[in-house]
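S.K.: Please find one structure pasted underneath; my questions will follow.
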Amino acid sequence: MKTREPGEKNSLFLLVDSPVGRLRLRATEHGLEALEWVKAGDLPAAPVKTPRGVLREGAAWLEAYFRNHFPPSSLPPLSLAGTGFQKAVWVWLATLPPGRLTTYHVPGGPGVRVDSHCYEEYTIPPFYDSMIAKLITWAPTREECIARMRRALDEFVIEGIATTIPFHREVMDSEEFRSGRFGTNFVERFWK
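Plus 13 on top of the position in the sequence shown (first one is 1) and you've got the numbering used here.
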């Protein structure tokens, strides 16, 4: 389904449906933006495939659409470029009851995003999803993205509860991770 927002010139919204969920994209003359990923609610309990293929499929469709509907000179190339990392900040499982966030300071800056519902003095309820924030960084290269994530993790201050931020810092400092030479058992081996 494609739609235009009222008053949006050269902007297109697209919903890409797949067996694992729905991706909502927006494309403008400035580039492509993934706005929302919604997991299909009636999926069997099985590993969910990454939406990256769906995103590339959506990007290819949007590029074809724009090339056919707008003068080529008015649009830059639409492409997925750069490197992104996502770190979920979890309440450390040994912390029960989960407690209150006495300090909550999120990082910011270019290429840094935090998705969270928390705030300072927020009390995590006893029946909770232990993911309290998602820290996302993007940069043109892997090295820059790792440096940006490391800086963002240093700036991310959560007090009052134990979190997985120290673990993510150690991962970012790990030579194995930094080099990109690791496999699917990396966390299991690294945790020991």
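Beta carbons: idealized from backbone N, C-alpha and C, even for Gly.
Every value quoted in this text rests on a predicted model; they were computed, and no experiment measured them.
(1) Rounded to whole angstroms, what is the Cα-Cα separation between R163 and F140?
(2) If distances are taken between C-alpha atoms only, which option among L166, M144, E183, V184 comes closest to G122?
(3) Nearest by alpha-carbon distance to I149: which of A175, Y135, H181 is it?
(4) Compute the beta-carbon to beta-carbon distance between T136 and I171, rounded to the nearest angstrom, for a pair I have assumed lies under 8 Å.
(5) Roughly how many whole angstroms lie between the Cα atoms of K147 and E189?
(6) How is V119 classed by DSSP in three states: helix, strand or coil?
(7) Consult DSSP for L114 and reduce its assignment to one of helix, strand or coil.
(8) Can you tell me which residues form a DSSP beta bridge with I174?
(9) Note down the Cα distance separating Y132 from G124, rounded to an integer number of angstroms.
(10) By the DSSP assignment, the alpha helix (DSSP H) with S192 in it spans what residues?
(11) Within this structure, are the beta carbons of R191 and I159 separated by less than 9 Å?
(12) Beta-carbon separation of V119 and F169 under 9 Å?
(13) What does T197 pair with, by DSSP beta-bridge criteria?
(14) Would R126 pass as a contact of G173 if the rule is Cβ separation under 9 Å?
(15) Buried or exposed for T197, please, with buried defined as at least 16 other CB atoms from any protein chain shown within 10 angstroms of its CB.
M.R.: From the atom records:
(1) Taking the first residue of the sequence shown as position 1, residue 163 is located at position 150. Taking the first residue of the sequence shown as position 1, residue 140 is located at position 127. In a straight line, the C-alpha of R163 is about 31 Å away from that of F140.
(2) Here residue 122 refers to the residue found at position 109 when the sequence shown is read from its first residue. The residue with the shortest Cα to Cα distance from G122 is L166.
(3) Taking the first residue of the sequence shown as position 1, residue 149 is located at position 136. Cα-wise, what sits closest to I149 is H181.
(4) Against the sequence shown, residue 136 aligns to sequence position 123. Against the sequence shown, residue 171 aligns to sequence position 158. Rounded, the Cβ-Cβ distance is 13 Å, inconsistent with contact.
(5) Here residue 147 is taken as the residue at index 134 of the sequence shown, counted from 1. Here residue 189 is taken as the residue at index 176 of the sequence shown, counted from 1. Each residue's alpha carbon lies about 23 Å from the other.
(6) For this step, residue 119 is matched to residue 106 along the sequence shown. For V119, the three-state secondary structure derived from DSSP is coil.
(7) Residue 114 sits at position 101 when you count from the first residue of the sequence shown. Here L114 sits in coil by DSSP.
(8) Locating residue 174 in the sequence shown gives position 161, where the first residue counts as 1. In the DSSP secondary-structure assignment, I174 is not bridged to any residue.
(9) In the sequence shown, counting from the first residue as 1, residue 132 sits at position 119. In the sequence shown, counting from the first residue as 1, residue 124 sits at position 111. For Y132 and G124, the distance between alpha carbons rounds to 21 Å.
(10) Numbered from its first residue, the sequence shown carries residue 192 at position 179. First-last of the alpha helix (DSSP H) with S192: 188-192.
(11) Taking the first residue of the sequence shown as 1, we reach residue 191 at position 178. Taking the first residue of the sequence shown as 1, we reach residue 159 at position 146. In this structure, I159 lies closer than 9 Å to R191 by Cβ.
(12) As a first step, residue 119 must be located in the sequence shown, where it is residue number 106. As a first step, residue 169 must be located in the sequence shown, where it is residue number 156. Yes; because the gap between Cβ atoms is below 9 Å, this pair is in contact.
(13) Here the question's residue 197 lines up with position 184 in the sequence shown. Answer is none; T197 lacks a bridge partner.
(14) What you label residue 126 is simply residue 113 of the sequence shown in a count that begins at 1. What you label residue 173 is simply residue 160 of the sequence shown in a count that begins at 1. Taking 9 Å as the Cβ cut-off, R126 and G173 do not qualify as a contacting pair.
(15) Working through the sequence shown from its first residue, we reach residue 197 at position 184. Exposed, by the Cβ-count rule.
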